[in-house]
Amino acid sequence: MIREIRIGSRESVLAIAQTRLIMDPIMRAHPELSLRLVTMKSEGDLNPDLPLGFTGKALFTGTLERALVAGELDLCVHSLKDMAETQPEDLPILAIPKRGNPWDMLIPPQDFFQGKDEKDIFTALEKALPIGCSSLRRRIQLQALAPELHSAPIRGNVPTRLSKLDSGQYGALILAAAGLERLGITRQGGRLFSLQEMIPAAGQGTLAIQGRRGEDYPFLELLRDPISEEEALAERALIRTLGCGCSSPAAAYAKISGNEIFITGMYTPLETEGIGLANVTNIDEIPFAREEISGDRRHALQLAEELARRLIQAASRDPGRTPQRDAPEGGRR
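All residue numbers for the sequence shown refer to full-length UniProt numbering, where the first residue is 1 and numbers rise by one.
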């Protein structure tokens, strides 16, 4: 008898593409299973103009989680960075696959470099137009990296944001490279930010499969990537210890090499819950701290907690460390 598994996803083109990345290998390896994609609109999809600071991360996951609890779904696929750092006990993360591209990317308008001698996107950008960013994390780090530029909030799915860019509303966008890659979108002249330039959000580029506690899904074993899971747990531990979640801008990136783990974090004590992204205008005045730590990967969670303490101390006494911009050819794509 073929067993049907209902897998939930947001209705966006990117969310569906990401869910297919999970479903396809399962169906190839387990033809005895029948996987059915069930799409739902999240609160964020229903309210595209709602400032992100008002409702926290449940903005993108709450609808699917409620459907899990109600038994309308068996599993959900999320972008890990959209999930709260502390999950409900009855709705655990069951599997984390191999991480995709973790970096942010600066995207110019279509045919931006056509007829231009200047090939460095930073110097070629039209300074009068804002750089569209969907998070304060990106806006704060961009301001420190390129103070000659200014940013503005942008909402909507990836195609919608690109349409706004190409219509002349923005000079460029900062988007997650993983999302562009999963949609098969390339832009000539796009520039990846390095870790030194812009620390990504915790879990950026990582997918997570969520289900109900006590349910048995042995087929998920083929998707699990232990290294990506360890790195994700360390990043989420850092954000959780900072106590900021979605209400204060923060960033975290962990990388395992051999028996060591390297964790880099960024934090600002600015409290934005109930304010909204569009209402934060004094980006250049926001203090932030950037720190890193490394050690035995067996102690990753303790290292993340120690890094959080250092970030909180540094942010209280230091206006921030200005990142250095990489050479133009280093990030071109």
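Beta carbons are placed, not taken as given, at the ideal position from N, Cα and C, and that holds for glycine.
Hey, how far is the Cα of residue i from the Cα of residue j?
| i | j | result |
| --- | --- | --- |
| residue 329 | residue 30 | At residue 329, the pLDDT of 49 sits below 50, so the modelled position is not reliable; the number obtained from the coordinates is stated separately. In a straight line, the C-alpha of residue 329 is about 44 Å away from that of residue 30. |
| residue 283 | residue 139 | 7 Å |
| residue 205 | residue 116 | 32 Å |
| residue 3 | residue 35 | 8 Å |
| residue 300 | residue 203 | 15 Å |
| residue 21 | residue 310 | 37 Å |
| residue 305 | residue 166 | 42 Å |
| residue 236 | residue 308 | 11 Å |
| residue 126 | residue 148 | 11 Å |
| residue 42 | residue 10 | 6 Å |
| residue 104 | residue 250 | 14 Å |
| residue 106 | residue 254 | 22 Å |
| residue 53 | residue 32 | Residue placement at residue 53 is flagged as unreliable, the pLDDT there being 48, under the threshold of 50; the coordinate-derived value follows with that caveat. Cα to Cα, the separation comes out at about 44 Å. |
| residue 334 | residue 61 | Only positions 1 to 333 of the chain appear in this structure, which leaves residue 334 out of reach. |
| residue 82 | residue 184 | 21 Å |
| residue 38 | residue 70 | 14 Å |
| residue 244 | residue 193 | 24 Å |
| residue 233 | residue 114 | 43 Å |
Buried or exposed for residue i, please, with buried defined as at least 16 other CB atoms from any protein chain shown within 10 angstroms of its CB.
| i | result |
| --- | --- |
| residue 161 | buried |
| residue 238 | buried |
| residue 128 | exposed |
| residue 291 | buried |
| residue 100 | buried |
| residue 18 | buried |
| residue 186 | exposed |
| residue 216 | exposed |
| residue 226 | exposed |
List the whole-angstrom C-beta distance separating residue i from residue j, where the pair is believed to meet the contact cut-off of C-beta under 8 Å.
| i | j | result |
| --- | --- | --- |
| residue 77 | residue 222 | 15 Å between Cβ atoms; not a contact. |
| residue 130 | residue 171 | 6 Å |
| residue 7 | residue 75 | 5 Å |
Please give me, in chain order, every unbroken run of the beta strand (DSSP E) with length at least 3 that falls completely inside the stretch 249-309. 250-257, 260-267, 289-296
To test your reading of the DSSP string, which unbroken beta strand (DSSP E) runs of 3 or more residues are found completely within the stretch 95-146? 104-107, 131-133
In chain order, what are the residue ranges of uninterrupted beta strand (DSSP E) at least 3 long that sit wholly in the stretch 191-223? 207-211
Do the stretch 82-95 and the stretch 167-180 meet, that is, are 3 or more Cβ pairs less than 8 Å apart? no
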